[in-house]
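Chains as they are written, first to last, in my numbering: chain A, 4 to 609; chain B, 4 to 609; chain C, 4 to 609.
All C-beta atoms in this analysis are idealised placements derived from N, C-alpha and C, irrespective of residue type, glycine included.
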C-alpha cells in the first residue's frame, strides 16, 4: 500500500518547500499530489504559462524519492478565463449563470470549457508526460460535487435532446416508452423535451431518470477526453484516475473508475454518520474499477474538517484507525488531505498534517507510525463471499420516487450491509453487471429496475449455485422508470414461485416471525405459488401470518427492509451469530483482524 | 347515493377496456369519470381531433348501463399548445414562466388560455353534449391546487388594476380605504398598484386581501365560461361541477359550487391529520352549493396515495369506513380514485382498485360490499342544529395577519367543530350569507371581518331565536382589512353590552372557570356593561377573575379559542355530555349511527 | 432622563390631534417623534410640498411644552418617486429589483436615491431647522434592517470595486492580502472582483469580510450626508441621531452613533430571548457614541408587538420594568413606540399606548407612574469596572467562518456578559479602540482579528494595570480574514508565554478544573512556556490535565467558551459570588438597585 499527501506548494513561499519535502520523507510517504487547483498560477493570463515553480516542485519531490500525482486543474478555471467566456459557467434552473468565486462552477457540457480543459491538459501532458517523477495523474477534482453535474444552460438543453434522440430514434418511441399520455405530456418532437426544471408539481419520472443518466454521462464524457490525452502522453502503466467525493451520487463512480482502471475517492468520515457508513463507502469504491480493480483514497481525513455542522476534534488514535480501516478494506493507496492548513480561502479551518504556522500537528507522529505498521502488516486483499448489488440507476429512480420522504437507495442498501458486517463478514458492493456468480450469497436490497440483462445475470448466478436474495420492491419498474404490468418481481415472479401483491409502505408495528425482528418501512405482501415460506409477518395487524420471506431453488425474496431482519435471515443462512458492538472483522490470509470503533483498538489474531 | 370511479382508458390498450367495464359493473358502480387529462389524446396537434377512442369509451360505458362523467381537459393543455403560446404559462413572482411538465401550470387569466379552453370545451360539448351516456360534466380539475390561482404575469398585473378600478372607482377611494398613508404607500393611480410580490417585509394587508379575492374571482370567471357553454349544450338537469381539492384555500369553494349547483371535492383522508379533519372538510363542502345543495366526492381515496410523507398502507375496513363516512355526512355521490394504478407518470405509486397488472387489489371486494351496504341503508340527509360560520375572506385575512406563526382560520374553526362533534352532534359549516336562523345555535369562532351585511345577518338570526356565539377576535377588521376604530366586536359591542379591550395572544396558563378548561392561544379581555358574565379567566395570571364569556339576549361572546372550552360552553348550552373516543355520531331518521375511527366499526341503533 | 413617544398624526383625523397632545402632556412626556415615514404626505407629487399639517403638528406640540424629534422620511420614499426612478430599488443577488410596498427597499448607494434623500432633508431643514419646537432630529429609520444594507445592483458593483481600489491600490496587493491563489481565484483587475453572490460553495472569506465592511461604510456615508445638512441648519446642541434596530448587525452602530454623538436604538425585548439579552443590547448601544456619550432608546416596547412568533401579552409591571431597566443602564432618553395602534398597514397588530379606538390601553397609567418614579430617582450614570470587547468586524468574520453551524460572535460574548452580570456587576461593552485602560478587567471573548493597533491597545491597558482576559480563538486571523502563520494568539503569544496549538471544536464532555465547570463548544489546547497555569481541562478525554487557562503579568488566556467557566474565572478574580436568579444589580451612587426579572420587582437599598 502506498501513502501520500495532498500538497499546495503554490500557496506557500518557495523557501519553505525543501523543509516540507524533508518532512514528507521523514513521514514515510510515497506520493505527493500537486497542481489540481493551480490553473491561475500555471497560466496567469491567456496563453502565458508559468511552469518554473511546478518544474521545481516536481523535480524536488522526485529527487527526494517520492512520486508526484499531478492534477489537471480543470475544477478551478482562472478568473480571466471565466470573464472571457461567461458561457462556460453553470446555469441554474432559472437561467442565471452561477457567479465565479468557488470551484466546479463550470458546465461540463460547454464546448468552450471542454476545449479549454483539453488545452491546459495537453500543456501539462506535453511538459510532464514523460517526467519520471510523475507517478500518476488525477483528472479534474470531485466532478459532480456541489451538485455541479446538472447544468441548465442552452448547450445542455440541446445536448439532452440529442442524447434522447440517439437513444430513442423517434419521438413516438420516447412517448410510448415514457407513457407521456399521462397528464397530456406527449411530446411533438425531441426539441420539446426540456430539462426537467422545477414546476408546479414534480416532473415526469421517466424524464427525470433520463436526465440523471444524461448528466452522469456528460461528466464521464468530459473526463474521458482528458483520460485519452493523458494516456497517449505518458508511459504505460502510469495510473490515471479521478477522485470522487465518497458520497457523491451525481456521477456513476464505476463509469469514472473504469475510464482508467483505478477508482479513487475522497474519504471524510466526519461527513458521514457512523463508522459503518465509512466502511460502506470504502467497499463501494473498492470495486468501482472492477471486482479486482485498483482503488485509491485520494484524500483521507486525519484531523478536523471545516464543512460539517460541528467540525469536532479528532481524538488520539482516530487517524490511525481510519488508515487501518482503508488498508483492511483493500485499498492500494491513501493520500492524507492536506499537508499544511491553508491560511487563505474557503478551507482556512480545514486542518492538515501541519498547522498554519508550519509546525506539525499532534497527529503527525501518529500518521508516521501507522504507515510503518501497515507496511509491516503486508495485508492480502479481501475476498468477500457476500455481495450486495448497488446501482446508480436504482439510486436515481428511488430519489425520484422515494415513496417515503427522505428515503434513499443508500438507506435500503445500508440496512443489509450493516447486517452482513454485524456477522463479522466482508461485503463486496457490486454492480448487477459484475460477475455475481463469484459470490456465495448475493443480496439485492433495492434493485427496482427490471431488465432482461439483470434477469439473465441473476439466472447465471443461480446456475452457479449462488443464493440470490431480493429485497422489498425488487423489479417493479423498467429501464425508463415505468411500472411493470407484469407480476412482481417483474420477470422473476415465475422463477420465484410467488408474487408481490402489495408493495406496502408501513406505519404499523410489523415483525418478522419466527425471528421477532422489525420488518421496517416497507412490507411487501406476497402471494405464494410454489415457493417455500421462510418467514411470516407478525404483529397484530392485518398482515399477521402472511408470508414475508419466500424462497425457491436458491432465489429468495425478502419483503422487509430492516437491518435486524436482514441479520436474522443471514444468520439463518450462514449459521453465524452477530458479533455486537461497533466492531468490524476482517479475515485476511490466516489472520483475523478486528477494529473496535468505540475503543479505537485494532487487533490481530490467528 | 351514486358510486363511481375515475378511469383513464387512454393510458391502457383498447383490448382491455371491455374487461375493465365488466369489472366496474360487477362492482356495482353507477358513474365513470373520464377524459379530464386527455387533451393531448383528443387533439394530438392543433385542430386535428381524434374522437374515435372516446366515442368507443362512452359508447361502451353507456351500453354497460353506467353513466359517464366527462371532464374538460383544461388542467393539462398539450405540449404543442404550450409551445405555440408560451404566454399562457403561469409566471412566478420573479417574472419567470413556469416550465411545462406537470399540470395546472397555465394562467387562468390569460386570454389565450381562456380562448383555447373554450375551444376544446366547445368541441367536447358539440360532440357529446347530447349523448345520453354522458350523465355529468366535470369542468377542469382542482383549480387553485398547487398554488396555481395566483399568477404574476403581465396580463394578471393589468387585470388586477382593472379589478381594483371597478371596485373603487377612484384611486383616492382606494388610498383612503386601505390607509396607504402608512409607510408612505399612497398610490398615484391604479397602474401603480402592483401585485403583492414578496419584498423586504410583508406587503400591505389590504393589498394582500384584495389580491386573494381577485385571484379567487379569476378562477371562478375562468370556470364560469365553461359552465355556460356546457349548460347551453346539454340536457336540463345534467349535473355540471368542478372538483376541488378538499383543503384548497385559493378558490372560494362556494362560488365554484354555486356555478352549477353541485359541489364536488376530492377526499383524501391521508392528506389530513385526523378523521375529524376529514369530517370537517366533508361538512365544509357538503353545503358549498347551498344549505340544501348537492355534494359529490369526485375522487375518494381507498388505498395508499403517493404524495404524503409516508404513504402508508390502508388496513382492512378503512375504505369501507371512508365510504360510510361520506354517506353519513350526506353526500350524493362518491367516485373512487382511481380505477387502475398508472404505469407511467407522476402517480405511479398511487394505488387504485386494480393493480398495475390489472388484477384487483385487496380493497376491491371491500368496496363492492360497502356500496351494497350503503345502498341498502337508504340514509336520509343530515339536519344539523348547530352551524359554524366559515368564510374564505376571513381565512385569507387570518393567513395575512395570523398574529401567531402558523395559525389559521381552519385551526380556529376546527377547535369549535371538534367540540360540537365531541358532543355527538352534527355541524353544518355555513357562510355568513346562508340562513343562520335555520339553526338553533350558530358559532362564529373566527369571524374577523365586520360588515353591515354580517351584522344584519346576525341580527336576523337572533330575531329568529338562534343563539349566536362569537369567538375571540370577532369583528375586528373591515372589508378592506383595516382595523376598526370602534369598540370591539365592531358593530355588535352595544348589542352585546360589552367590549373587548385587549385581543390578547396568550403564552401563560390561563383557564376558563368554573369549567377549569384551557383558554387557548387567544384570550380576549372583556369590559362588561350590560352583558351577563358566563365564565371568567382563571390561572394565577393578571387575567384571573376577569370575564371570559359574556352573553346578552341570545348573543354570546367567547373570548377563548380552545376546544375544551368550546366543549364546556356547548355542554352548558345543550345539556349534552362528551361522548369520548374518536367517535362520530349521526342521528339519521330514527336511527343513531356511530363510526368508531379507532376500531373502524360502524354501528346502527334505533 | 427624557421620555417621549412616537406619533403618526398623518394617520389620524386632524380633529383628534388636540386630544392626543393633551393626553401626552398628562402622561408626563418631554418628546414626540414625528414624520419619519411621512414623505408621501409631505410631498404628494414631485416638487409639490404639503407642509400645512406638519406645521400644525409641530406648533401644537411646541405649544403644549413638548419637543418634537423630527424624522427624515428617507426609509419610505413615495410610490411616485420609486415609479419615476426604478433604479433606486434594492436589487437582489439574482439581479431582480425588489418590489415596492414595504420600507427600506431602496439602495443606499444609488446616486439618485441619495440625491432625492438630500432634497427632502434640505426641504425639512429649510422649513423647520430654526423652529424652537424641534428638539432633535432622527435621520432615516433603522438603516440596515430587513437586510437592506447589502444591495446587489450595478451601482453597488462599481462602488465596491472602487472601494477596494481605494483600499489596496493595486490588484496584486489585493491578491496577495487575500490569498486568491487558493482555488485559482486570482483577480486580473479590480473590475473582476464581484459582489460575493451565492455560488456553488461559499465565496472567499476575505471577499465576504470586505463586502460586510463596504456595506456598512455605504450606510454610514449615506447617513453622514444627511447629518451634515441638518447640523448646518439647526442650532448648536440639537441632538441628531439615527435609530438602529437593537440587534442589527449590518451597520456598525458605533460608526453611526459617532456621526452625531448620540446613539439611539429601538428596544424590543420580545424580539430577544432573555432579559439579559436586552441588558446586553442596552449596554452595547449605551457606549456606541463613546464611553461617555449620549444614548437614547428611540422606540421602546411597552405592549405586544406583531412580528414575533407568538406576540404574547405583556403582564402588569413589565413595561415599568423595561423603562427602569433602560434608566439603570444609563440611557438619556426613552420614547415609547407607539402612541396609538395603527388601523392600517403592516403594523395593525402592534399595540401602542392607545387602542385603535383611541382609548388608553391598560399600560397607559403604568407608564405615567413609572416616568414619575424614574424622574424622582435621579439616577447617576453607571461606572462599570469590567469591559467586554465587541467589534462588528469580528462579528462579521465569525458569521463568515462560524466553524460551528449557527454560532455567532454574539453567542460568544453573551456567555461572558452573562457571567459578569451573574456576579452582580455592571459591564461596559466597548470597542477595542476605546480606552481599555479605564477598566479593571477587560474581557475579549471573541477577538479573532489580530492587528498591530489592537495589540498596542491591549499593551496600553496592561501597562495601566488592567487585567486583560482573552477567550478561545483570539487573534487567529488578520485584518483581511487570512489565518495567521504566527503562533497563536498572533502577536501576543510571546507576551503571554504560551501558544494555542489546537483551536479545537469540541463535542466531548470537557470540564475546567478545579472548578468543575463545562468548557463549552471550543477548547483551545495550549502549550505553555513561561505562563502560569490557572486551570486545566478535565473530563476523561485526551485533553485531561492539559492547560485551559494561563496567565502572565496581567494577560490571561481562557481556552473555553462556556458561561459557567467565565463565571468561575471572574469569581476567582473578583472574590464575588454569583447572585443567582434572573436578577440584575446596579450600584448607582450610594444605592444598590435590583431588578428581579421573574417577579418584576425593582428594589433599592443603600
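- For residue 530 of chain A, the three-state secondary structure derived from DSSP is strand.
- With fewer than 16 other Cβ atoms from the protein chains shown falling within 10 Å of its own Cβ, residue 51 of chain C counts as exposed.
- Around the beta carbon of residue 396 of chain B, 16 or more other beta carbons sit within 10 angstroms, so the residue counts as buried.
- Of the candidates B:31, B:48, B:56 and B:196, the residue whose Cα lies closest to the Cα of residue 37 of chain B is B:56.
- A residue is called buried when at least 16 other Cβ atoms come within 10 angstroms of its Cβ; residue 161 of chain C does not meet this threshold and is exposed.
- Around the beta carbon of residue 49 of chain C, fewer than 16 other beta carbons lie within 10 angstroms, which makes this residue exposed.
- Judged by DSSP secondary structure, residue 504 of chain C falls within the beta strand (DSSP E) whose first and last residues are 501-508.
- Taking a contact to require three or more Cβ pairs closer than 8 Å, the segment 307-327 of chain B and the segment 436-453 of chain B do not qualify as touching.
- Residues of chain B whose Cβ lies closer than 8 Å to the Cβ of residue 505 of chain A are, in chain order, 316, 364 and 365.
- Counting the other CB atoms within 10 Å of its CB gives residue 141 of chain A a total of 16 or more, which places it among the buried residues.
- Across the set A:22, A:123, A:224 and A:255, the C-alpha of A:255 shows the shortest separation from the C-alpha of residue 148 of chain A.
- In the three-state reduction of the DSSP assignment, residue 106 of chain C falls in the coil class.
- Inter-residue distance for residue 215 of chain A and residue 157 of chain C is about 36 Å (C-alpha atoms, whole angstroms).
- Neighbours of residue 76 of chain C in chain B, taken as residues at a C-beta separation under 8 Å, are given in chain order as 187.
- Judged by their CB atoms, residue 433 of chain C and residue 294 of chain C are nearer to each other than the 8 Å cut-off.
- Along the segment 23-53 of chain C, the positions whose C-beta sits under 8 Å from a C-beta of chain B are 40, 41, 42, 43, 44, 47 and 48, read in chain order.
- Against chain A, the beta carbon of residue 520 of chain C has no neighbour under 8 Å; the closest one sits roughly 19 Å away.
- Interface annotation, residue 195 of chain C: not in contact with chain B, CB-CB separation never under 8 Å.
- For residue 83 of chain A, at least one C-beta of chain C is nearer than 8 Å to its own C-beta.
- Not a single CB atom of chain A sits nearer than 8 Å to the CB of residue 272 of chain B.
- C-alpha of residue 185 of chain C to C-alpha of residue 340 of chain A: approximately 15 Å in a straight line.
- A residue is called buried once 16 or more other Cβ atoms fall within 10 Å of its Cβ, and residue 490 of chain C is buried on that count.
- The beta-carbon distance between residue 96 of chain A and residue 155 of chain A, rounded to whole angstroms, is 5 Å. This is short enough to meet the 8 Å contact definition.
- In this structure the segment 221-233 of chain B touches the segment 114-131 of chain B; the number of beta carbon pairs closer than 8 Å is three or more.
- By the rule that beta-carbons nearer than 8 Å mark a contact, residue 517 of chain C does not touch chain B.
- With fewer than 16 neighbouring CB atoms inside 10 Å of its own CB, residue 604 of chain C falls in the exposed class.
- The Cβ atoms of residue 582 of chain B and residue 599 of chain B lie no closer than 8 Å to each other.
- In the DSSP assignment, residue 270 of chain B falls within the beta strand (DSSP E) that extends over 265-270.
- Beta-bridge analysis with DSSP links residue 304 of chain A to A:340.
- Any Cβ of chain B closer than 8 Å to the Cβ of residue 451 of chain A would place that residue at the interface, and such an atom is absent.
- The distance from the Cβ of residue 474 of chain B to that of residue 428 of chain B is about 18 Å, inconsistent with a contact at the 8 Å cut-off.
- Bridge partners of residue 297 of chain C according to DSSP: C:265.
- Membership of residue 115 of chain C in the alpha helix (DSSP H) is indicated by the continuous run 114-131.
- Taking 8 Å as the cut-off, the beta carbon of residue 42 of chain B is found no closer than this to the beta carbon of residue 130 of chain B.
- DSSP places residue 92 of chain C in the strand class (E or B) of the three-state scheme.
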